[in-house]
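Down below is the structure, laid out as structure tokens.
Chains as they are written, first to last, in this note's numbering: chain H, 1 to 112; chain C, 1001 to 1114.
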């Protein structure tokens, strides 16, 4: 089975800090995704990547950036964390859309 | 662009009763359709998927879903709910052209009463 690992389950950061959320997948998938999940809003796509060093903005990229230096790793960066970025962050990878996505367990980020 | 609507935010079902969770999608062609389940504090797990073929698809944990093109629906069903099915369920739609990414509904939280 494909495994997607997010480095932290819970994270507490201060306003203004630079925050890195790491995601690693072990099945050579081309496509990787970062979503945030908030009650009543479902999953909203922040950024995605379809190849190494390639990235595309999703629906809510403001305040975030990403890095994909290696195929298996896709990092989400909060340049200057704000309280409205308190959320659950989910990473996913896929071979193709038809295969569906495999999700990590999520990182619950609290910005204080 | 494709979109997904899950009209029910919460549903409560008695243990042993049947379940149907609704999902309506918007997309011009035949989409990829998925149902995912999320237990508290966890990531999403794929329950089942549809692209073509038999419109009734079977998934894990005894779930099934039926694709109805005329109604643009892909409802999830289970004949007898167990307490362990309490979770949040997400429907998703994907395209088979262009860059392939999924759009998710806002989710339905299932509560199971004794």
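Even for Gly, the Cβ is constructed at its ideal location relative to N, Cα and C.
Because the structure is a prediction, the values reported are computed rather than measured.
Residue from the options whose Cα sits closest to the Cα of residue i
i, options, result
"residue 27 (chain H)", "H:82, H:5, H:55 and H:53", "H:5"
"residue 60 (chain H)", "H:47, H:10 and H:67", "H:47"
"residue 1028 (chain C)", "C:1113, C:1110, C:1114 and C:1094", "C:1094"
"residue 1004 (chain C)", "C:1042, C:1110, C:1091 and C:1044", "C:1091"
"residue 92 (chain H)", "H:53, H:63, H:22 and H:83", "H:22"
"residue 97 (chain H)", "H:31, H:76 and H:104", "H:31"
"residue 24 (chain H)", "H:90, H:109 and H:108", "H:90"
"residue 1018 (chain C)", "C:1085, C:1056, C:1060 and C:1033", "C:1085"
"residue 1051 (chain C)", "C:1073, C:1064, C:1031 and C:1068", "C:1031"
"residue 102 (chain H)", "H:53, H:29 and H:80", "H:29"
"residue 1016 (chain C)", "C:1089, C:1107 and C:1077", "C:1077"
"residue 43 (chain H)", "C:1106, C:1110, C:1113 and C:1111", "C:1106"
"residue 1068 (chain C)", "C:1033, C:1008, C:1111 and C:1109", "C:1033"
Cα-Cα separation between residue i and residue j, rounded to whole angstroms
i, j, result
"residue 1035 (chain C)", "residue 1046 (chain C)", "6 Å"
"residue 111 (chain H)", "residue 16 (chain H)", "9 Å"
"residue 12 (chain H)", "residue 1104 (chain C)", "27 Å"
"residue 74 (chain H)", "residue 41 (chain H)", "24 Å"
"residue 3 (chain H)", "residue 99 (chain H)", "14 Å"
"residue 137 (chain H)", "residue 1044 (chain C)", "For residue 137 (chain H) there is no data in the structure shown, the boundaries of chain H being 1 and 112."
"residue 67 (chain H)", "residue 51 (chain H)", "11 Å"
"residue 1087 (chain C)", "residue 1062 (chain C)", "15 Å"
"residue 1049 (chain C)", "residue 70 (chain H)", "29 Å"
"residue 1002 (chain C)", "residue 83 (chain H)", "31 Å"
"residue 1010 (chain C)", "residue 72 (chain H)", "36 Å"
"residue 14 (chain H)", "residue 77 (chain H)", "14 Å"
"residue 1082 (chain C)", "residue 49 (chain H)", "38 Å"
"residue 1054 (chain C)", "residue 1025 (chain C)", "18 Å"
"residue 54 (chain H)", "residue 1072 (chain C)", "34 Å"
"residue 1040 (chain C)", "residue 1089 (chain C)", "11 Å"
"residue 1058 (chain C)", "residue 1021 (chain C)", "15 Å"
"residue 56 (chain H)", "residue 1013 (chain C)", "41 Å"
"residue 1110 (chain C)", "residue 1038 (chain C)", "10 Å"
Cβ of residue i within 8 Å of any chain C Cβ
i, result
"residue 7 (chain H)", "no"
"residue 48 (chain H)", "yes"
"residue 67 (chain H)", "no"
"residue 11 (chain H)", "no"
"residue 16 (chain H)", "no"
"residue 20 (chain H)", "no"
"residue 106 (chain H)", "yes"
"residue 42 (chain H)", "yes"
"residue 109 (chain H)", "no"
is_contact[residue i, chain H] using C-beta, thresh 8 Å
i, result
"residue 1051 (chain C)", "yes"
ask   = If you measure beta-carbon to beta-carbon, which residues of the stretch 75–101 of chain H are closer than 7 Å to chain C?
value = 90, 96, 97, 98, 100 and 101
task = Pull out every residue of the stretch 1079–1109 of chain C whose Cβ sits closer than 9 Å to any Cβ of chain H, in chain order.
result = Here the close residues are 1090, 1092, 1094, 1095, 1096, 1099, 1100, 1101, 1102, 1103, 1104, 1105, 1106 and 1107.
ask   = At what residue ranges does the stretch 1047–1080 of chain C contain a whole run of the beta strand (DSSP E), taking only runs of 3 or more?
value = Taken in chain order, the complete beta strand (DSSP E) segments of 3 or more residues contained in the stretch 1047–1080 of chain C are 1056–1058, 1064–1068 and 1073–1078.
query = Quick one, which residues of the stretch 1024–1049 of chain C are near chain H if we go by CB-CB under 7 Å, in chain order?
reply = Residues 1032, 1034, 1042, 1043, 1044, 1046 and 1049.
inquiry  = Just to confirm the assignment: which complete beta strand (DSSP E) runs, minimum length 3, are found wholly within the stretch 54–93 of chain H?
reply    = 64–70 and 73–78
query = Of all the beta strand (DSSP E) runs that stay within the bounds of the stretch 1013–1048 of chain C, which reach a length of 3 or more residues?
reply = 1019–1021, 1024–1026 and 1032–1038
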